[in-house]
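Per the numbering used here, the sequence shown starts with residue 85, numbered consecutively.
Structure first, then comments.
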Amino acid sequence: KIEPTVACPHLPSNTKQASELSSITIDQVVVGSCTNGRIEDLREAAEIIKGKKVNPNVRMIVIPATQQIYLQAVREGLAEIFVEAEAVFSTPTCGPCLGGHMGILAKGERALATTNRNFVGRMGDPGSEVYLSNPAVAAASAIKGRIALPEETI
């Protein structure tokens, strides 16, 4: 079995197996944006989070890549799954990934994102940390409040 990897701060190439990072707590999860905001990515995350709640210590933001994907996610009921889990389901936008708005990290905060970069200050304060993962690990981590494997949520 191949285990998912997670990119650790502050380079996408700084990877470890997700199971090695299970003690890392998180403040925010971002699924989507222009990378990993495809409909199949949203389906993967929704499958993990369906019927569950985002950890009360975590903010979860879901950003479809395009308006077409947004509409398809609404039609398929994925938006409802995320909202019922107490995640924010956004319209397509550039936001937290580039440190612009909607999910900017404060000093000392830690995010797990499905975006493509985790350089120093990428999502906010230079004293924050960004880890990168696939949508399934991101959804499981939103539930657990720490970096987690999907099978931990079953």
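Beta carbons are placed, not taken as given, at the ideal position from N, Cα and C, and that holds for glycine.
Requested in this report: Could you tell me whether the Cβ atoms of residue 252 and residue 226 are closer together than 8 Å?
Outcome: In the structure as shown, the chain begins at 85 and stops at 238. Residue 252 is therefore absent and cannot be evaluated.
Requested in this report: Could you check the C-alpha separation between residue 210 and residue 101 for me, to the nearest Å?
Outcome: 25 Å
Query raised in the report: Would the beta-carbon of residue 198 fall within 8 Å of that of residue 135?
Result: no
Requested in this report: Give the DSSP bridge partners of residue 100, in chain order.
Outcome: 90
Report task. List the whole-angstrom C-beta distance separating residue 149 from residue 122, where the pair is believed to meet the contact cut-off of C-beta under 8 Å. Result -> 6 Å
**Report entry** Inter-residue CB distance, residue 208 and residue 196 (contact presumed, cutoff 8 Å)
**Finding:** Not quite, the Cβ-Cβ distance comes to about 14 Å (not below 8 Å), so this is no contact.
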